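Trainee:
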Amino acid sequence: MRLAILSDVHGNLPALEAVLKDVHQYEVDGFIVAGDHVDKGPYPSETLHLLRTLKGWLIRGNADDYFFDQATRTPRIWPDGRKWAAVRWACQRLDEEDLHFIGSLPEQCVVAMPGTAPIRVVHCSPHDSTKALFPSRDPIALAWFKSANTLPPESDRLDVNAVLEQIDEPLLVCGDTHIPWQEECENGVVVNPGAVSFSLNGDTRANYALLIWQDHHWQVEHRAVAYDLDRIRTAFQTSGFLEEGGGMARAFLLAIETGLNVPRSLLMHFHRLATEAGFRNGAAIPDEVWEQAAATFDWNAAVNPR
Numbered sequence: 028m029r030l031a032i033l034s035d036v037h038g039n040l041p042a043l044e045a046v047l048k049d050v051h052q053y054e055v056d057g058f059i060v061a062g063d064h065v066d067k068g069p070y071p072s073e074t075l076h077l078l079r080t081l082k083g084w085l086i087r088g089n090a091d092d093y094f095f096d097q098a099t100r101t102p103r104i105w106p107d108g109r110k111w112a113a114v115r116w117a118c119q120r121l122d123e124e125d126l127h128f129i130g131s132l133p134e135q136c137v138v139a140m141p142g143t144a145p146i147r148v149v150h151c152s153p154h155d156s157t158k159a160l161f162p163s164r165d166p167i168a169l170a171w172f173k174s175a176n177t178l179p180p181e182s183d184r185l186d187v188n189a190v191l192e193q194i195d196e197p198l199l200v201c202g203d204t205h206i207p208w209q210e211e212c213e214n215g216v217v218v219n220p221g222a223v224s225f226s227l228n229g230d231t232r233a234n235y236a237l238l239i240w241q242d243h244h245w246q247v248e249h250r251a252v253a254y255d256l257d258r259i260r261t262a263f264q265t266s267g268f269l270e271e272g273g274g275m276a277r278a279f280l281l282a283i284e285t286g287l288n289v290p291r292s293l294l295m296h297f298h299r300l301a302t303e304a305g306f307r308n309g310a311a312i313p314d315e316v317w318e319q320a321a322a323t324f325d326w327n328a329a330v331n332p333r
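Position one of the sequence shown corresponds to residue 28 (the working numbering), numbered consecutively onward.
#1: Which residue marks the beginning of the alpha helix (DSSP H) containing E211, and which one marks its end?
#2: Mapping the DSSP letters down to three states, classify V149 as helix, strand or coil.
#3: Tell me, please, which residues DSSP counts as bridged to C136.
#4: Where N331 and E284 are concerned, what is the direct C-alpha to C-alpha distance, given to the nearest angstrom?
#5: Look up H296 in the DSSP assignment and say whether it is helix, strand or coil.
#6: Return the Cβ separation of S224 and A42 in integer angstroms, given the expectation that the two are a contact with Cβ distance under 8 Å.
#7: Buried or exposed, going by whether 16 or more other CB atoms sit within 10 Å of the CB of R250?
#8: With a threshold of 7 Å on Cβ separation, who are the neighbours of H244 within its own chain once the five nearest residues in sequence on each side are excluded?
#9: Give me the residue from H296, A329, A328 with the minimum Cα distance to E318.
#10: Using DSSP with H/G/I as helix, E/B as strand and the rest coil, what is V247?
#11: Examine the Cβ distances between the stretch 160-168 and the stretch 176-191 and report whether three or more of them are shorter than 8 Å.
#12: Residue ranges of each beta strand (DSSP E) run of no fewer than 3 residues wholly in the stretch 38-121, ordered along the chain?
#13: Beta-carbon within less than 6 Å of K110's beta-carbon, same chain only, minus the 5 sequence neighbours each way: which residues are those?
#14: Mapping the DSSP letters down to three states, classify D242 as helix, strand or coil.
#15: Compare the Cα-Cα distances from L191 to each of I129, V149, A168 and report the closest residue.
#16: Secondary structure at A31, three-state DSSP: helix, strand or coil?
#17: Any idea what DSSP makes of G215, helix, strand or coil?
#18: Can you tell me whether V138 is buried or exposed, with buried defined as 16 or more other CB within 10 angstroms of its CB?
#19: Using DSSP bridges, identify the partner residues of Y254.
#20: Please state whether DSSP places L198 in a helix, a strand or coil.
#21: Assuming V187 is part of the alpha helix (DSSP H), what are its boundary residues?
#22: Specify the secondary structure class of D325 as computed by DSSP and reduced to three states.
#23: Run the CB neighbour count on A311, radius 10 Å, all protein chains shown included, and call it buried at 16 or more, exposed below.
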């Protein structure tokens, strides 16, 4: 029994196609796709349509919630500032059926195949759809999380073994953090396959993982697949995504091209400017501050860190 696990495709059709071509040689029995399917890339509709052809299990990620809200007309949040132009661009390219499909996806699921151990699939964590899991004993992955400015203080991180104790399945698949890792604990195993689109470990390849049922347990093989960066770069330009998405779309493209967390660096710069301008405690920040951030951000330093 073999399963392919993917996460964080983010509208990157060339990366997804390369992964599926690589998967084909292994004759897998199904696919697990752990959320964040369509935003941040120039192929939202095409990517979703290809994912829907796969035999397996799809769940909704936290980035998909923006589209879920639009599909259900939920008033909770629908951003209208320039900072969110890239999200709006993607949503405008999905039809009603696409939006309702995203809205119909569960936040998590259990994969139970005959003769194998069941698998819990989440995007972030089982009991919090916005709080991601991080490894505790993988120094290489932890170093990349620190470099990407995404690693919370240790006191704020979920204890992986405690999370496993709270679920019934011995294997937990998660996504969201864009860096591949796995950790075996007393209460089970956690696997993050990394991201199909813009990994944050300095590697521009598309990441996924294989689960192989052998010797009465799931074995994990992480895979990294090169794909046509020129094609995705051209699509950012010709689709209008780069122009209409503004600074954030530019940051997404640079992340794809470098494997570095340029979007986070841009947002940190934006929040510094907002604080200096006196906007604090969740106050609405005008578009002028966002445009200033995009104009004054050191784009070269972001892709050439010291």
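Quick reminder that beta carbons are idealized off the backbone N, C-alpha and C, glycines included.
Just so you know, these numbers come straight off a predicted model, no measurement behind them.
Mentor: Taking the definition as stated:
#1: Taken as a continuous stretch (DSSP letters only), E211 belongs to no alpha helix (DSSP H), being part of the beta strand (DSSP E) at 208-212.
#2: Strand.
#3: When beta bridges are read from the DSSP output, C136 appears opposite V148.
#4: Here the alpha carbon of N331 sits roughly 12 Å from the alpha carbon of E284.
#5: Residue state, collapsed to three classes: helix.
#6: Right, their Cβ atoms sit about 5 Å apart.
#7: Label assigned to R250: buried.
#8: Sequence-distant partners of H244 (beyond 5 residues in either direction) whose C-beta falls short of 7 Å from its own C-beta, in its chain, are A144.
#9: Out of H296, A329, A328, H296 has the C-alpha closest to the C-alpha of E318.
#10: V247 carries a strand assignment under DSSP once its states are collapsed to helix, strand and coil.
#11: Three or more Cβ pairs closer than 8 Å define a contact, and the stretch 160-168 meets that threshold against the stretch 176-191.
#12: DSSP runs (the beta strand (DSSP E)) wholly in the stretch 38-121: 57-60, 83-85.
#13: So the qualifying residues of the chain are W317.
#14: Coil at D242, not helix or strand.
#15: Per the Cα distances, V149.
#16: The three-state reading of DSSP puts A31 in strand, counting E and B together.
#17: Secondary structure of G215 (DSSP, three-state): strand.
#18: Result: buried.
#19: According to the DSSP secondary-structure assignment, Y254 is paired through a beta bridge with no residue.
#20: Strand.
#21: That run of the alpha helix (DSSP H) goes 187-192.
#22: Residue state, collapsed to three classes: coil.
#23: A311 is exposed by the Cβ-count criterion.
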